[in-house]
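Below is one structure, written out as structure tokens, with a few remarks after it.
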Amino acid sequence: MDFKQFKNPGAIYRSAPFWSWNDKLDKEELKRQIDEMAEKGWGGYFMHSRVGLVTGYLSQEWMEMIKTCAEEARATGTYAWLYDEDKWPSGFAGGEVPEADEKYRSRALVLLKPDEVTENDTIMLHVEWEGQQYNICKRISPMGDLWFNGTSYVDLMNPEAVKAFLNCTHERYRQAVGEYFGKEIPGIFTDEPCYLMEGHYSQPAVPWSDYLPEFFKKLKGYAIEEHLKELFFDTGDYRKIRFDFYDAATRLFIESWTKQYYNWCEKNNLKMTGHFMAEDSLPYQTQWIGAAMPHYEFMHWPGIDKLGRNVQQLVTVKQVSSVVDQLNKERAFCEVFGCVGQQVSFYHRKWIADWQAALGISFVNSHLSLYSMRGERKRDYPANLYYQQPWWDDERKFADYIARVSYAVSQGKRDVDILVLHPISSVWSEYSPLHKRNGLAVENNIYNQPFEFLSKALMAAKLDFHYGDEIIMEKHARVENGKFIIGQHQYSTVIVPPSLTLRSNTVRLLKEFVEQAGAERLIFIKPIPSRIDGLSGDMNLPDGVIYVDSVNEVLKIVDRYYSDRIRVVDKATGMNAEKVYCHSRTSKEGKSIFIVNTDENREIDAVVSLPGEEMPYLLDLMSGEVYEIPSEIKGGRREIHIKLYPAGSMLLYYPVQEIKAQKAPDYLDSGVAFADKISAGSTIDDWEVKLLEQNVLPLNDVTLYLDGEKVLENQPVAKAWHQYFYKAPDGTPFRAEYTFEVLNIPEGEVFAAIEVAENLDRITINGIEVRPLKQKGELGAFNPEKSWKDINFTKVPLSGYIRKGLNTLVLEGKKVNNISNPGCHVRVADFKNHVPTEVEVIYIVGDFAVVDFDKRYFAIDGQAKKANYKDLTECGYPFYAGKAEFTSYIEYKGKSDRTYLAVNDVEAACIELYVNGQYVDVKYWKPYIFDVTELLKEGTNEIKIVAATTLFNLMGPNRIAGILNDEGVGPYTFVDFRRFTEKYTLIPFGIGGASLICL
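Residues 6 to 1004 (our numbering) are what the sequence shown spells out, left to right.
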């Protein structure tokens, strides 16, 4: 561990977001946004075409923008990562590959009734099953899919199609910006390639390629065309056929796509990173990609995505981190934080990122940072983690935390001694698309769910492990000196989860392992494999191998083998703290242990019991400092008593050489406390509140006319988008009327923030024309004098035109827009002259209060309200998106060694503290406890807290019932009218009391 690097990790360890290129791009704005990212501690950005892009993908102008960003990366010390597709999944080059040749278009075998056969289907076999006639057909994907820009997906098992993709995309980048490869442009991201777009088929389908029959016959020795029936129906030796089929399809996919892509990157000095489609479950992998793990051998930075607000399913993470560890890859990559909603806080991001780091993720790719929030773009799988957020100015300290965690879990080698064989081939042997009718009961209940349960149980018990993929093991596994070895890792214990089949190579290795290590070191969970390479057969293992019925039996056995491991005891129960995960690593400089409370809500008073009596140091992940921590020796082990707050974490370190350290503080910003004896000091139970930005009222309802016809009357704007506005032909005249009530006229500035208002023909307030502060088609860097929060939210002054009572704001213009469906757009042919218009929520901004009538109806009141510090949304600021000051005073007698200020009941994304006018720190999560020892004076002290909101109350979706319980939010969530409610869901914003803690 290099302590200088730990304190200030380099850019390569820092998070890099998906930077959504989703509008007409401007060089000056691109540079401004890069400067913002660099200032906030991000190490780079993935230049990612996404919904709403106007600038032509892969055009000359596009390449000029890429080059501009590479140059700015050089100037800012950041990295400009390429992204290989127009949206996703990778492979179609924005439509160029399927347009080039029909043979490149994706194929599938589909099971059809006779009347379901289309012109795109070639009948390969007639089948009768249970009295019903079927045709098994080869289907070539038809052109015209809007998601694929009016084309189709491609056949990634066809090496010629893949070569065409590389020529369309990678070679163009090489010609345009190849001078930056391996330097400012370190690599390229591939997103969700798959051998079958399984979700696009309404009929039962399996992957197919014109290259598959020959490849299959060469690999397996027989013709798959003679056994197509077994791929769908449970007949004959279908388990053997399916094992062979998915084995061959997976290998062909790897050879055609992954290896060819990887080799191109190797040759051209780029790192291949990204992730494959549907890595999460064993059935999903079978349906979409075959198997995830064998692809990772041919990626420089293997990756996954883990989206949504949960930390439940860990198989996906362990798959990629196992291969990274075994094959000594540099980093394990994860696309994360997408779909969590605009309400996501720093705390939620820490909770998710720490859980992933404990499982082995060492590079954080934040999803998503929007170049523009115009129109549909703002609904692109939020949250938007970027400059438009009220908390953005406080991002730096959090970015440093993520960088230190990533650096720490990238050093040395993970301490793992248990191998769990991966049962994907058993699911291959069972899977049929017809099984979806019963919920894939066999695939899920016998194999997938027990595999997940075993994995979670081992991590909970602090029994770390890797997965062993059988395809990778063919090349990289051996047995030596009683150890089962894969790549650079060796294991003393092997566990086989419920399985149907193993490969003959695996059986050979297991026999060698039993001979050298002892039969008791091989544990099978029933049902045990009854097939070898898909065929019925006996493994003929020696006596003494352990066979058990349950995961609990496994834990009891393995607990004895590793009795001298790290343990974490929950004092409340006296039992293992199951939600605390540990990640231990060893390097030539020392040994580290990353400890994480993965519980989102519960704090844990814990005893961390470490093997041996040596005292570890603490490396503070929030400050980068090295500390000595209080501990004791008990029973030959070192014990540390701590409180782990929800999502709390700490990093322990045993250096090889002696290091200097200072005494640890009583409270760590990473969510850990060592203090247990406290005395209460003075308290604060009231605050003066001051808004630091103007208040806002969103106008969420509209009356819409298209070409003179009223199509919507006083309805949610959300109903206008995809039912009417986006469907209208470009050039269609429209009129959008919004109304709002004013109880008392505000005295100060009032303006409307209207998206691309400058491109409208006319804007009126109460019949009087008003003008935006930007000119038609105006681009350039974000200017807060002209725009509000986002480059496309244009200010339109309303001061002097608002009246008491009902006000009507009218937009008139011609529809020009490239959005086609939720989360989808069409290419703009004349993108240079594209001047878009929108019908969106309008934001009325000014110094006023917003009166709340049961969270259903709201009105502007120009007379300020006294804010309730506990929740500003309840007293005039329901949609406020900014920062607020909370000021009070506290008495201090000056008689303690250390004095802390604890802030209670925080309802904010983060809080900053100022004592007597001096900045102290920012806190993102519990404990909201600040060390104020050096800043307090005897007598009266001014305490000021600055708290920030998120964009959720302003932008929602907050009229969707139960929205805060959704684990995932995407474009379709905003238009889910089955769940629509008149009553708004609003997140509280405020703080509780505060008190001094004297130690």
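The C-beta atom is built at its ideal place from N, Cα and C for all residues, glycine as well.
For residue 844 and residue 26, the rounded distance between their alpha carbons:
Approximately 21 angstroms between the Cα atoms of the pair.
Residue 838 versus 22, 15, 29, residue with shortest Cα-Cα distance
Considering only alpha carbons, the answer is 29.
Do the CB positions of residue 484 and residue 518 come within less than 8 angstroms of each other?
Yes; because the gap between Cβ atoms is below 8 angstroms, this pair is in contact.
Cut-off 8 angstroms between Cβ atoms - residues of its own chain near residue 592, not counting five sequence neighbours on either side:
The residues are 6, 416, 417, 418.
Could you please give the first and the last residue of the uninterrupted alpha helix (DSSP H) stretch that includes residue 73?
Under the DSSP assignment, residue 73 falls in the alpha helix (DSSP H) whose first and last residues are 65-81.
Out of 532, 540, 545, which has the shortest C-alpha to C-alpha gap to residue 524?
With distances taken between CA atoms, residue 524 lies nearest to 545 out of 532, 540, 545.
Would the beta-carbon of residue 674 fall within 8 angstroms of that of residue 928?
In this structure, residue 674 lies near residue 928, with their beta-carbon atoms less than 8 angstroms apart.
Under 8 angstroms between the Cβ atoms of residue 741 and residue 799?
Taking the C-beta atoms as reference points, residue 799 is found no nearer than 8 angstroms to residue 741.
May I ask you to list the residues that DSSP assigns as paired with residue 928?
As a beta-bridge residue in DSSP terms, residue 928 pairs with 916.
Would you mind working out which of 715, 755, 725 sits nearest residue 867, comparing C-alpha positions?
With distances taken between CA atoms, residue 867 lies nearest to 755 out of 715, 755, 725.
Taking the alpha carbon of residue 633 as the reference point, which residue from 618, 606, 669 has its own alpha carbon closest?
Scanning 618, 606, 669 for the CA closest to the CA of residue 633 turns up 669.
Neighbourhood of residue 749 by C-beta, 6 angstroms cutoff - its chain only, sequence neighbours within 5 removed
So the list reads 866, 867, 868, once near-sequence residues are dropped.
Can you tell me which residues form a DSSP beta bridge with residue 580?
In DSSP, residue 580 forms a bridge with 575.
Would you check if the distance between the CB atom of residue 704 and the CB atom of residue 895 is smaller than 8 angstroms?
Not closer than 8 angstroms, so no.
Start and end residues, beta strand (DSSP E) containing residue 612
609-616 is the span of the beta strand (DSSP E), which, as asked, contains residue 612.
Inter-residue CB distance, residue 270 and residue 193 (contact presumed, cutoff 8 angstroms):
Yes, they are in contact, since the Cβ atoms of residue 270 and residue 193 sit about 7 angstroms apart, within 8 angstroms.
Are the stretch 475-494 and the stretch 440-457 touching, with three or more C-beta to C-beta distances below 8 angstroms?
Judged by Cβ distances under 8 angstroms, the stretch 475-494 makes no contact with the stretch 440-457, as fewer than three pairs qualify.
Complete runs of the beta strand (DSSP E) confined to the stretch 816-901 [at least 3 residues]
Correct list: 824-826, 847-851, 854-858, 862-866, 888-897.
Close-in-space but distant-in-sequence residues of the same chain around residue 808 (CB under 8 angstroms, 5 per side omitted):
747, 750, 771, listed in sequence order.
Please identify the residue among 515, 137, 117 whose C-alpha is closest to the C-alpha of residue 128.
For residue 128, the closest of 515, 137, 117 by C-alpha to C-alpha distance is 117.
Boundaries of the beta strand (DSSP E) in which residue 483 is found, first to last residue:
According to the DSSP assignment, residue 483 belongs to the beta strand (DSSP E) that extends over 482-485.
For residue 533, which three-state DSSP category applies?
Under the three-state reduction of DSSP output, residue 533 falls in the coil class, being neither helix nor strand.
Evaluate the contact criterion for the stretch 869-885 versus the stretch 849-856: three or more CB pairs, one atom per stretch, below 8 angstroms.
Touching, per the Cβ criterion.
Measure the beta-carbon distance from residue 414 to residue 459 and round it to whole angstroms, keeping in mind my assumption that it falls under 8 angstroms.
Rounded, the Cβ-Cβ distance is 23 angstroms, inconsistent with contact.
Taking residue 391 and residue 377 to be in contact with their CB atoms under 8 angstroms, please state how far apart those CB atoms are, rounded to whole angstroms.
The pair is not a contact, with the Cβ atoms about 10 angstroms apart (cut-off 8 angstroms).
Could you check the C-alpha separation between residue 806 and residue 346 for me, to the nearest Å?
Rounded to the nearest angstrom, the gap between the Cα atoms of residue 806 and residue 346 is 36 angstroms.
Going by C-alpha to C-alpha distance, which of 587, 89, 432 sits closest to residue 536?
With distances taken between Cα atoms, residue 536 lies closest to 432.
Opposite residue 10 in the DSSP bridges: which residues?
According to DSSP, residue 10 bridges with nothing at all.
Boundaries (first-last residue) of the alpha helix (DSSP H) holding residue 432
Element bounds for residue 432: 429-435.
Determine, using beta-carbon pairs with one atom in the stretch 706-721 and one in the stretch 870-877, whether at least three such pairs fall under 8 angstroms.
The stretch 706-721, when compared against the stretch 870-877, does not touch it at the 8 angstroms Cβ threshold.
Could you pull out every residue in the same chain whose Cβ sits closer than 7 angstroms to the Cβ of residue 992, ignoring the five residues on either side in sequence?
348, 957, 958, listed in sequence order.
Considering residue 5, what are the terminal residues of the alpha helix (DSSP H) in which it resides?
The chain is shown from 6 up to 1004; residue 5 falls before or after that span and cannot be answered.
Between residue 92 and residue 55, which are expected to be in contact by the criterion C-beta below 8 angstroms, what is the C-beta distance as a whole number of angstroms?
Contact flag correct, Cβ pair sits at about 6 angstroms.
Identify every residue that forms a DSSP beta bridge with residue 1020.
Since the displayed the chain opens at 6 and closes at 1004, residue 1020 lies outside it and no answer follows.
Can you tell me whether residue 276 is buried or exposed? The criterion is at least 16 other CB atoms within 10 Å of its CB, across all chains shown.
Its Cβ being crowded by 16 or more others within 10 Å, residue 276 is buried.
What span of residues does the beta strand (DSSP E) with residue 2 cover, start to end?
In this structure the chain extends from 6 to 1004, so residue 2 is not present and cannot be described.
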